[in-house]
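J.: Sending over a structure as structure tokens; questions will come in a sec.
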Amino acid sequence: MKQIKLDRIGTRPLSEFSYGGEVVDEPEGDTLSDREWAGYLFNADGAPGVKLEWWRHVPTGIWYRLRRNTITDEFIIDQPKVEAKA
């Protein structure tokens, strides 16, 4: 079973997560034509490689931005370290 190791909730099975799509910057809606807006909504970049994606941990409802290599289907865990405040 595929597992994802996260600092906040530990190692969890992939079956506890739901895919939320690739992380993309939303364009300014007021400056786009209808054609450009439709392109943003419906034309995703499907090229294989490392993607930054949204994944929701269903039991806790927490959303994570995780990197995944879509060629090997492996998660690249590079979560920033949180420094303790003195």
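Count along the sequence shown from 1, add 8, and you get the number used in the numbering used here.
Idealized CB from N, CA, C, for every residue including glycine.
#1: Looking at the secondary structure, which residues open and close the alpha helix (DSSP H) in which Gly28 lies?
#2: If you draw a straight line from the C-alpha of Glu30 to the C-alpha of Leu49, how long is it?
#3: What residue range is occupied by the uninterrupted beta strand (DSSP E) comprising Gly18?
#4: Residues in its own chain within less than 6 angstroms of Glu91 by CB, not counting five upstream and five downstream?
#5: From the DSSP output, in three-state form, read off Lys10 for me.
#6: For Leu60, collect the residues of the same chain with a Cβ closer than 8 angstroms to its Cβ; drop the 5 residues on either side in sequence, then sort them by chain order.
#7: Between Ala94 and Ile70, what straight-line distance do the alpha-carbon atoms span, to the nearest angstrom?
#8: Does DSSP classify Glu82 as helix, strand or coil?
T.: Quick look at the numbers:
#1: For this step, residue 28 is matched to residue 20 along the sequence shown. Note, Gly28: premise wrong, no alpha helix (DSSP H); beta strand (DSSP E) at Phe25 to Glu30.
#2: Locating residue 30 in the sequence shown gives position 22, counting from the first residue. Locating residue 49 in the sequence shown gives position 41, counting from the first residue. Spanning the two alpha carbons is a distance of roughly 12 angstroms.
#3: Here the question's residue 18 lines up with position 10 in the sequence shown. Under the DSSP assignment, Gly18 falls in the beta strand (DSSP E) whose first and last residues are Gly18 to Pro21.
#4: Position 83 of the sequence shown holds residue 91. Below a pLDDT of 50, predicted positions are generally treated as unreliable, and Glu91, at 48, falls in that range; no measurement from the model is reported.
#5: Against the sequence shown, residue 10 aligns to sequence position 2. The answer is coil: DSSP assigns Lys10 none of H, G, I, E or B.
#6: Start at 1 with the first residue of the sequence shown, and residue 60 comes out as number 52. Closer than 8 angstroms at the Cβ level, and outside the excluded window around Leu60, lie Glu30, Val31, Arg73, Leu74 and Arg75.
#7: Translated into the one-based positions of the sequence shown, residue 94 becomes position 86. Translated into the one-based positions of the sequence shown, residue 70 becomes position 62. Because the pLDDT of Ala94 is 44, which lies under 50, any placement of that residue in the model is unreliable, and the number read from its coordinates should be weighed accordingly. In a straight line, the C-alpha of Ala94 is about 27 angstroms away from that of Ile70.
#8: Stepping through the sequence shown from its first residue, residue 82 is reached at position 74. Glu82: strand per DSSP, three-state reduction.
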